[in-house]
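Chains as they are written, first to last, in full-length UniProt numbering: chain A, 1 to 202; chain B, 1 to 202. Glycine residues also receive a C-beta, built at the ideal position from the N, C-alpha and C atoms. Data block below; observations after.
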DNA sequence: CCGCGCCCATGACAAATGTCATGGGTGAAC
DNA sequence: GTTCACCCATGACATTTGTCATGGGCGCGG
């Protein structure tokens with residue numbers, strides 16, 4: 001009984017390399033391989049994989065969004081998120097998107113193989129260290145608007161630019177930023193953006 | 001005549017996958033595989049690879065520094081930098097560190113294989129698009145101190161903190177930041193840090 | 001020796017940022 | 001039907017940031 005796999009990662013080299021790695025297992029077969037999130041569902045329909053390995057950073061549609069669509073449309077296909085690194089918020093979002101596994105790219109190769117076999121048995125697989133970090137980071141205390149403002153502020157936009165882009169007054173933007181700075185326990189915009197990002201609050 | 005390879009990448013999974021990929025070529029042999037930059041020279045001494053594939057982001061010693069040491073001590077071993085992201089400045093530094101190849105991780109798998117064969121023939125191999133971007137970014141116009149200040153500012157430090165860390169007066173720090181902002185053609189600290197970083201000026 | 005670029009500093013000013021108090025509107029929860 | 005969280009806004013204020021002019025010291029190349 002071979003396990004049919006779908007690979008989605010925007011880096012061709014990595015995708016090819018992972019494919020080579022996984023094909024070393026006799027009972028694994030990579031049946032589809034795509035570079036864009038918005039090709040995932042199409043490929044899954046065509047090739048009916050048992051497990052889909054999705055990277056998060058991808059053009060078109062990110063891995064988390066792709067996971068949502070895929071699990072909704074093809075619940076028999078298990079989704080494992082395989083991403084460069086365990087930002088706390090990713091794990092939470094991955095779970096709500098219907099993923100049953102979360103493997104970071106610096107795991108040992110056997111860990112990935114093992115994770116695939118386990119999700120096939122119906123288990124959920126999550127890196128324990130990452131799970132702990134996510135619990136520690138906690139739920140985001142930011143309101144929707146605060147998130148919006150921080151997201152725009154990421155690129156280094158000024159208050160005026162943020163206000164223009166969000167159709168808010170400058171004073172309001174300053175207020176949201178001030179609250180966000182307080183909630184992140186930081187002392188300026190840059191740090192607030194940084195730590196909110198790290199904790200997966202954006 | 002088999003080509004002996006050394007792999008250095010901090011992500012176990014990627015390293016394993018690349019190894020699987022490269023071993024598919026009959027005349028390639030991965031003779032060493034390390035996760036830390038400061039293990040590169042040691043492994044190279046022990047296994048005498050023909051080509052070393054080095055990632056840049058690694059603990060201990062980054063790939064560029066490792067490349068310097070390696071080419072100095074074992075000039076017969078060709079260094080190819082294999083990294084996630086073609087930041088303009090990396091290429092320049094890689095070349096001065098003695099690398100003869102630079103491949104980005106989103107290249108096609110055949111491109112990597114091809115690059116290895118070509119450096120074995122004595123050629124230099126550089127992604128043409130990346131080379132163009134690097135030329136466009138130009139040499140860094142920043143003075144040493146300006147770089148220092150920007151580097152500290154990266155974490156979101158305030159002027160006072162930067163001044164304390166660098167043993168400068170606050171006014172001086174503000175001056176350097178002001179000049180750096182002007183030289184990068186940006187409008188605040190955040191953008192200056194961002195673009196200087198992207199151009200490899202840090 | 002002179003000019004030049006880099007280093008460091010000061011002071012003063014304008015602009016942007018962060019804080020706080022205050023208040024009105026809305027919808028969901030109890 | 002009141003409470004509460006979120007949304008949006010204003011105004012005032014202190015602080016921080018960015019700009020500019022100015023000047024001294026140092027080392028290097030012409």
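Asked, Found
"Do the CB positions of residue 21(B) and residue 17(A) come within less than 7 Å of each other?", "yes"
"Can you list the residues of chain B that residue 120(A) reaches, using a CB-CB cut of under 8 Å?", "Per Cβ cutoff of 8 Å: no residues; residue 120(A) is ~19 Å from chain B at best."
"Quick one: list the residues of chain B neighbouring residue 20(A), beta-carbon separation under 9 Å, in chain order.", "17, 18, 19, 20, 21, 22, 23, 24 and 109"
"Contact criterion: CB-CB distance below 7 Å. Does residue 87(B) meet it with respect to chain A?", "no"
"Secondary structure at residue 14(A), three-state DSSP: helix, strand or coil?", "helix"
"CA-CA distance, residue 3(B) and residue 28(B)?", "5 Å"
"Do residue 94(A) and residue 64(A) count as a contact pair if the criterion is CB distance below 7 Å?", "yes"
"Using a cut-off of 8 Å between C-beta atoms, extract the partners of residue 105(B) located in chain A.", "11, 13 and 14"
"Can you list, in chain order, the residues of its chain whose CB lies under 8 Å from that of residue 191(A), leaving out five sequence neighbours each side?", "181 and 184"
"Who are the neighbours of residue 190(A) on chain B, taking C-beta pairs under 7 Å?", "156 and 190"
"Between residue 80(A) and residue 25(A), which are expected to be in contact by the criterion C-beta below 8 Å, what is the C-beta distance as a whole number of angstroms?", "Not really, about 15 Å apart at Cβ, beyond 8 Å."
"Between the alpha carbons of residue 88(B) and residue 141(B), how many angstroms are there, rounded?", "14 Å"
"Using alpha carbons as the reference points, say which of 170(A), 150(A), 75(A) and 151(A) lies closest to residue 159(A).", "170(A)"
"Is it the case that the segment 36 to 52 of chain B contacts the segment 68 to 79 of chain B, given that we only count it when at least three CB pairs across the two stretches are under 8 Å?", "yes"
"Give me whichever residues DSSP pairs with residue 53(A) in a beta bridge.", "7(A) and 80(A)"
"Given a cut-off of 7 Å on the beta-carbon distance, is the pair residue 5(B) and residue 34(B) in contact?", "no"
"What did DSSP end up calling residue 29(A) once you bin it into helix, strand or coil?", "strand"
"Can you tell me which of the three DSSP states residue 100(A) falls into?", "coil"
"I believe residue 10(A) touches residue 106(B) by the beta-carbon criterion, under 8 Å. Please report the beta-carbon distance rounded to the nearest angstrom.", "6 Å"
"Hey, how far is the Cα of residue 119(B) from the Cα of residue 126(B)?", "10 Å"
"Tell me the residue span of the alpha helix (DSSP H) that contains residue 177(A).", "170 to 184"
"Assuming residue 1(B) is part of the alpha helix (DSSP H), what are its boundary residues?", "That residue, residue 1(B), is in no alpha helix (DSSP H); it is neither H nor E in DSSP."
"Compare the C-alpha of residue 12(B) against each of 108(A), 32(A) and 23(A) and name the closest.", "108(A)"
"Using a C-beta to C-beta distance shorter than 7 Å, which residues of chain B count as neighbours of residue 112(A)?", "13"
"Using a Cβ-Cβ cutoff of 8 Å, what residues of the segment 156 to 188 of chain B are near chain A? List them in chain order.", "156, 158, 186, 187 and 188"
"Give me the DSSP bridge partner(s) of residue 116(B).", "Looking at the DSSP assignment, residue 116(B) forms no beta bridge with any residue, so it has no partner."
"Report the option in 86(B), 15(B) and 68(B) whose CA atom is closest to the CA atom of residue 132(B).", "86(B)"
"Going along the chain, which residues of its own chain have a beta-carbon closer than 7 Å to the beta-carbon of residue 68(B), five neighbours each way excluded?", "97 and 98"
"Against chain B, does residue 117(A) count as a neighbour if the rule is that its beta carbon must be under 7 Å from one of theirs?", "no"
"Can you pull the chain B neighbours of residue 194(A), defined as C-beta to C-beta under 8 Å?", "155 and 156"
"Pull the bridge partners of residue 34(A) from the DSSP assignment, please.", "8(A)"
"Could you name the residues of the same chain whose beta carbon sits closer than 8 Å to that of residue 189(B), not counting the 5 residues immediately before and after it, in chain order?", "153, 177 and 181"
"Roughly how far, in whole angstroms, is the beta-carbon of residue 66(B) from the beta-carbon of residue 37(B), given that I think they are within contact range, below 8 Å?", "4 Å"
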